[in-house]
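Right, one structure below, let's go through it.
Protein chains: 2
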Amino acid sequence: MTDTAATRRSRITPEREAELYEAVLDLLRDVGYDALTMDAVAARTRCSKATLYRQWGSKPELIAKALRHDKPVSLADIDTGSLRGDLNEMVARSDDCQMEKDAALMRGLFHAVHDNPELRQALRNLLIEPELTGLNDLLRRAVERGEVAADNPALEYVVHMMTGAFVARDLIEDRPVDRAFLASYVDAVVLPVLGV
Amino acid sequence: MTDTAATRRSRITPEREAELYEAVLDLLRDVGYDALTMDAVAARTRCSKATLYRQWGSKPELIAKALRHDKPVSLADIDTGSLRGDLNEMVARSDDCQMEKDAALMRGLFHAVHDNPELRQALRNLLIEPELTGLNDLLRRAVERGEVAADNPALEYVVHMMTGAFVARDLIEDRPVDRAFLASYVDAVVLPVLGV
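Residue numbers (full-length UniProt numbering), protein chains in the order written: chain A, 1 to 196; chain B, 1 to 196.
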């Protein structure tokens, strides 16, 4: 989804913005966070540094927005009427190739995040908090419908379970995360522990 | 635990070996995997490069063994007679400070692992496979005692659940993994999904 506030205050079209974000992520995959400079972004996108800074403020913010733009599934859009349906929809909207590309990006950022408080804050504000809010809304609706007991202690750990699926598949099993695996994990772990 | 095969073929005492592994991990925290050279290890430990190579073969193997030596809890040693007891024992043996140090090391290695097939293989052989074997033995005993149904589909995802506890606590919650958190996670997620 396009950031409407950013679009409003600029002369950059949504198409140009999308193109620019793709270029930023390509650079990030190629050279990593530390070596990605605003000069390199300007050169690759033929966009002046002045425009980049006016539009995005800083490198961490530009990267966080590019990652948010790239993200294939937004939990906030999903509301099928049941928890099982919501989680199945989340899996169904995932794209196997996209997930492999995301895993590569995330590995590159994992270390940078800890050395760069500004990047951490930008990712937190633009990527993590909105997704956590989306997940919590989805779970709150399940509690309100009576699908999950309000005092189920696993409710606060759903994000940990889902993160583990991605990281352990990649790092420990050395296999790509794909839809079939995610669907099986949701059925075997997430739904049963929530009592669904 | 000391690697008895390595000790047997060397003139290095277990104390000297432990000291050397500590120095390697300090270096790894300071400079990261790529910048850690055998020259730097030799200089910091006052051990000749010839001895390092004779004893450990290669940099990835040396680092994997240092990590294995440092690891505070070995699942293979734990057998209390019940799954709840085994997992509680695992948590009880964890050390909060050690876990923070480990998290910092793991962040540094996360990216290196994907760029260095030799490091990945060494970590797999020396660290990941033995732990997976330990975990699978622990779960197999729980099944044999009738605590967990043999066909519980969550059995193959325990490693994913546990990995998620560590990574999401650190990366998404931005809080340190400690024993209180791990104990609560085991009670809320791991034991219930296994039907214990």
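A virtual CB, placed ideally from N, CA and C, is assigned to each residue, including glycine.
- Considering only beta carbons, the part of the stretch 122-134 of chain B lying closer than 7 angstroms to chain A consists of Ile-128, in chain order.
- Setting aside the 5 residues that flank it on each side, B/Val-177 is surrounded in the same chain by Met-99, Phe-166 and Arg-169, each with a C-beta closer than 6 angstroms to its C-beta; the list follows chain order.
- Here DSSP, grouped into helix, strand and coil, assigns B/Cys-97 to helix.
- The three-state secondary structure of A/Pro-176, taken from DSSP, is coil.
- The criterion of a C-beta distance shorter than 8 angstroms is not satisfied by B/Leu-123 and B/Ala-66.
- Counting other Cβ atoms within 10 Å of its Cβ, B/Asp-39 stays below 16 and is therefore classed as exposed.
- Put simply, the CB of A/Arg-169 is near chain B, with a gap under 8 angstroms to one of its CB atoms.
- Every candidate beta strand (DSSP E) stretch fails here, since none sits fully inside the stretch 90-154 of chain B while reaching 3 residues.
- Not a single C-beta of chain B is nearer than 8 angstroms to the C-beta of A/Met-99.
- Any Cβ of chain B closer than 8 angstroms to the Cβ of A/Met-90 would place that residue at the interface, and such an atom is absent.
- With fewer than 16 other Cβ atoms inside 10 Å of its own Cβ, B/Thr-133 counts as exposed.
- Around the Cβ of B/Asp-115, a 10 Å sphere holds fewer than 16 other Cβ atoms; the residue is exposed.
- DSSP places A/Leu-36 outside any alpha helix (DSSP H), giving it a letter other than H or E.
- About 4 angstroms separates the beta carbon of A/Ala-188 from that of B/Pro-153, a gap short enough to meet the 8 angstroms contact definition.
- Put simply, the CB of B/Pro-117 is far from chain A, with every gap to its CB atoms at 8 angstroms or more.
- Here A/Thr-37 is exposed, its C-beta having fewer than 16 other C-beta atoms within 10 Å.
- Residue contact check for A/Gly-108 against chain B: a CB pair falls below 8 angstroms.
- For the stretch 185-196 of chain B, residues whose beta-carbon sits nearer than 8 angstroms to a beta-carbon of chain A comprise Tyr-185, Asp-187, Ala-188, Val-189, Pro-192 and Val-193.
- Annotated three-state conformation of B/Thr-51 is helix, per DSSP.
- The beta carbon of B/Thr-163 sits closer than 8 angstroms to some beta carbon of chain A.
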